[in-house]
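Scroll down for the structure; my scribbles are underneath it.
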Amino acid sequence: MNPDPALTQESIRAVEAVEAPRPAPSDLDAPALYLNRELSWLDFDDRVLQLAEDPSQKLLERCKFAAIFGSNLDEFFMIRVAGLHDQVDAGITTPKADGRTPSEVIDAVRAKVLALGDRQCRVLADDLRPSLEAAGISLLGIDEVSSEARRTLDQRFRRQIFPVLTPLAVGLGRPFPYISNLSLSLAVLVRDPVSGQTTFARVKVPKEMLPRFVALDGEPTTFVPLEQLIAANLHTLFPGMEVIDHGVFRVTRDADFEISDEADDLLLAVEDELRRRRFGEVVRVEVEAHMSQALREALTEALEVEDRQVYEVSDLLDLTDLWQIVKLPGFSELRDPPWSSVTQPRLRGEEGRKADIFAAMRKGDILVHHPYDSFTTSVGRFVDQAAEDPDVLAIKLTIYRTSENTPLIPALIRATERGKQAVCLVELKARFDERANIEWARKLEETGVHVVYGHPALKTHAKCILVVRREGDGVCHYLHVGTGNYNPTTARLYTDFGLFTTDERLGSDVADMFNFLTGYARPRRYRKALVAPDHLRDGIVEEIDKTIEAHRNGQPARIQMKMNSLVDRACIKALYRASQEGVPVDLNLRGICCLVPGVPGISDNIRVVSIVGRFLEHSRVFAFRRGDEQLVLIGSADLMPRNLDTRVELVAPVEDDVLRDDLLDTLERAFADDTHAWELRSDGTWTRRVPDPDEPEPRDLQRELMLGHQARAAEREPSPDAD
1 MNPDPALTQE SIRAVEAVEA PRPAPSDLDA PALYLNRELS WLDFDDRVLQ
51 LAEDPSQKLL ERCKFAAIFG SNLDEFFMIR VAGLHDQVDA GITTPKADGR
101 TPSEVIDAVR AKVLALGDRQ CRVLADDLRP SLEAAGISLL GIDEVSSEAR
151 RTLDQRFRRQ IFPVLTPLAV GLGRPFPYIS NLSLSLAVLV RDPVSGQTTF
201 ARVKVPKEML PRFVALDGEP TTFVPLEQLI AANLHTLFPG MEVIDHGVFR
251 VTRDADFEIS DEADDLLLAV EDELRRRRFG EVVRVEVEAH MSQALREALT
301 EALEVEDRQV YEVSDLLDLT DLWQIVKLPG FSELRDPPWS SVTQPRLRGE
351 EGRKADIFAA MRKGDILVHH PYDSFTTSVG RFVDQAAEDP DVLAIKLTIY
401 RTSENTPLIP ALIRATERGK QAVCLVELKA RFDERANIEW ARKLEETGVH
451 VVYGHPALKT HAKCILVVRR EGDGVCHYLH VGTGNYNPTT ARLYTDFGLF
501 TTDERLGSDV ADMFNFLTGY ARPRRYRKAL VAPDHLRDGI VEEIDKTIEA
551 HRNGQPARIQ MKMNSLVDRA CIKALYRASQ EGVPVDLNLR GICCLVPGVP
601 GISDNIRVVS IVGRFLEHSR VFAFRRGDEQ LVLIGSADLM PRNLDTRVEL
651 VAPVEDDVLR DDLLDTLERA FADDTHAWEL RSDGTWTRRV PDPDEPEPRD
701 LQRELMLGHQ ARAAEREPSP DAD
């Protein structure tokens, strides 16, 4: 078989990258100093896939990572690859920071995705499926079941599946049907034996209504794929016709959208764009590897896609549906032991009573770290107490993503019913949560909560809750600033920090930010907080420059940062300057990194580590040591242009010495991890760390934090309302 031209091109580019001359120390704009954003993201998904391939992981956890890998890739195509095609369609040929044009990036993405997809299929076929079989969970092909089981399945098809199928033929007066985003379909060629005419038809696999994997009668852990059962019964959908060919395919569409800065009604504008999303341009077509050339050509022509947008899959399409297997009841031996969050010691109530969080905050700042610390007994309790307290005058909070079981929305509604001012800034443009947020907004408005949608040109990504309480002859601000969403579901899966404080100046900063978002004002310089889009980039660069100056003056200096992604060129150049001056720079980045470490004369003093494990590393921490001064900031922002230029972000200092040391300890553990950590090399490749054989046991950030929080909780029984 001829090699894929994109794969060949990527191999050549890889060689060129290795052989490219090193940039001069003064040239911090050289393309060799910037990794491509999209390819770096694919490297992150590669690390997720490596966990699916890792035999040291529990079996169903490996299946989970295989499913996450697939869903990550879907979103990547819907947003990032769709954007690249938009740039190509607009005629943009200007190279990006790494020197690639949008079209070249599409080809490089294709090469990587094909290789990753092959690995995902191999791990399913050669490892996961046999291991599941040995554990009592069977994923069989329709031809592998017994004749008796097949008859039973065919009967079930006629009773339960056939009634919901709608075959759509293409022909005179019958245009090619609309294929919805991420839907699984069968492409079918049928021939009329009388006229000899051949017709194309599409049959949607209704996995939104029916399980993707159909269990055999009496065998609840033996499954066949739904699409194979449908394919085996196509003759019942086309009576009197000959089914001469069929194949499974899946379409991915552009799911991003833009809202005009001049939108009069933001809610209606977002609703309109959501309706248009279903009809976005096709950016990827996945097809079975054994699909015939004739069927493939018919699809490619009908969907109006290029050959480079068609991806062969050698096993099952859409392995995100492995979640059905992951969530099977029982099989505890195939999963990680369950983790139950504990109540932060200072937030525990006395003798069965709920904690007085306001009283605890008045004694000093409090830091929580989810999912190790409970979201319910910290953030949930904070808002709940504010709603009940007769001295609380106002509650203001931001909602970017939340869940159906959130305690915050009911608490806001109760606060309104008690006559308090309740303000909720709902970000309608939170990608893929737009519809849910519209529903929350309407529900809140109906109950009297003041709902604000922010500015059409900006996404409000800041995570903060402000409670205004009457105390004496004045008011006090009780504040929570977090690094993650106010979502009790993801708070069990994502690692995030939250700061509870009564700091007057920081509280005034957040009050000013809310007034800017809800009213009509021009933002000014804040007292303690760094707020995007006006001050955050400059603030971070200023702190880097101060650290450089301290090092020049002979003071101990160090920069540590933990975030999801590092893309912003101004911040990267500032970190390069710090490295050139001899300042050690440690970066813990879960996802994208466009900075190249280890380049002689430029980034010798920078190391980049990524942790991908049981929990999704989501917290953002920025630490700067300058002599005896140690500045530590936490907040909602990654160092990406979108966060710094088109989002409202909030980053705040943690000034309590004990809490600051707790954050620094977490950073040190992250950089010491040799179990779920990868290190970025100067050639742009990621290498997984291996435990040091001379150490008594491997270092594992998340395991160490779980053990530490368990030990702290064991000192005293947690409150009964912990997660």
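Residue numbers (this note's numbering): 1 to 723. Don't be surprised by glycine CBs; every beta carbon is placed ideally from N, CA and C.
{"Item": "If you draw a straight line from the C-alpha of E715 to the C-alpha of L663, how long is it?", "Value": "21 angstroms"}
{"Item": "Thinking just about the alpha-carbon of each residue, which of V599, M513, N643 and A511 is nearest to the one in I540?", "Value": "N643"}
{"Item": "CA-CA distance, K463 and M563?", "Value": "15 angstroms"}
{"Item": "DSSP puts I606 in a beta bridge; with which residues?", "Value": "V585"}
{"Item": "Grab the span of the beta strand (DSSP E) containing Q344 for me, first residue to last.", "Value": "From DSSP, Q344 is part of no beta strand (DSSP E); its letter is neither H nor E."}
{"Item": "Which whole runs of the beta strand (DSSP E) in the segment 383 to 435 are 3 residues long or more, in chain order?", "Value": "392 to 399 and 421 to 426"}
{"Item": "Between the segment 439 to 453 and the segment 467 to 486, are three or more C-beta pairs nearer than 8 angstroms?", "Value": "no"}
{"Item": "From the DSSP secondary-structure annotation, give me the bridge partner or partners of T495.", "Value": "E617"}
{"Item": "Is V481 helix, strand or coil by DSSP?", "Value": "strand"}
{"Item": "Counting beta carbon pairs with one atom in the segment 195 to 211 and one in the segment 143 to 154, are three or more of them shorter than 8 angstroms?", "Value": "no"}
{"Item": "So what does DSSP say about A623, is it helix, strand or coil?", "Value": "strand"}
{"Item": "Just confirm the distance between the C-beta atoms of A187 and H246, as a whole number of angstroms; I'd bet it's less than 8 angstroms.", "Value": "7 angstroms"}
{"Item": "As a quick exercise: from I606, V654 and R614, pick the residue whose alpha carbon is nearest that of E629.", "Value": "V654"}
{"Item": "Here's the rule I'm using: 16 or more other beta-carbon atoms within 10 Å means buried, otherwise exposed. How should G591 be labelled?", "Value": "buried"}
{"Item": "Decide yes or no for the touch test of the segment 111 to 129 against the segment 42 to 57: beta carbon pairs closer than 8 angstroms, at least 3 of them.", "Value": "yes"}
{"Item": "If you compare alpha carbons, which of R689, R647, D657 and P533 is closest to V608?", "Value": "R689"}
{"Item": "For T495, which option in V313, H461 and I611 has the closest C-alpha, if you only look at C-alpha atoms?", "Value": "I611"}
{"Item": "Return helix, strand or coil for P653, following the three-state DSSP convention.", "Value": "strand"}
{"Item": "Rounded to whole angstroms, what's the CA-CA distance from D509 to R527? Just pull it up for me.", "Value": "6 angstroms"}
{"Item": "From S138 to D356, what does the alpha carbon distance come to, in whole angstroms?", "Value": "52 angstroms"}
{"Item": "Is S103 helix, strand or coil by DSSP?", "Value": "helix"}
{"Item": "Using 8 angstroms as the threshold, is the segment 234 to 243 in touch with the segment 215 to 225, meaning 3 or more CB pairs across them?", "Value": "no"}
{"Item": "Can you tell me the Cα-Cα spacing of D336 and L51, whole angstroms?", "Value": "13 angstroms"}
{"Item": "Just to confirm the assignment, what range does the alpha helix (DSSP H) spanning I230 have?", "Value": "L226 to A232"}
{"Item": "In this structure, does DSSP put F44 in helix, strand or coil?", "Value": "helix"}
{"Item": "Is DSSP giving W323 helix, strand or coil here?", "Value": "helix"}
{"Item": "For S314, which residues from the same chain have a beta carbon less than 7 angstroms from its beta carbon, with the 5 sequence-adjacent residues on both sides left out?", "Value": "D118, C121 and A289"}
{"Item": "Mind checking which residues open and close the alpha helix (DSSP H) that includes A149?", "Value": "S147 to R156"}
{"Item": "Let's see if you can read the secondary structure: which residues bound the alpha helix (DSSP H) around C63?", "Value": "L59 to F76"}
{"Item": "I'd like to check one pair, A359 with V468: are the Cβ atoms closer than 9 angstroms?", "Value": "no"}
{"Item": "Would DSSP call E715 helix, strand or coil?", "Value": "coil"}
{"Item": "Do three or more CB pairs link the segment 56 to 70 to the segment 83 to 94 at distances below 8 angstroms?", "Value": "no"}
{"Item": "So, N456 versus V567, is the Cβ gap smaller than 9 angstroms?", "Value": "Correcting the residue type first, residue 456 is Pro in the shown sequence and not Asn. No, Cβ-Cβ distance for P456 and V567 is not below 9 angstroms."}
{"Item": "What's the call for R681, buried or exposed, on a 16-neighbour Cβ count within 10 Å?", "Value": "exposed"}
{"Item": "Evaluate R552 with the Cβ neighbour count: other Cβ atoms within 10 Å of its Cβ, from every protein chain shown; 16 or more gives buried, anything less gives exposed.", "Value": "exposed"}
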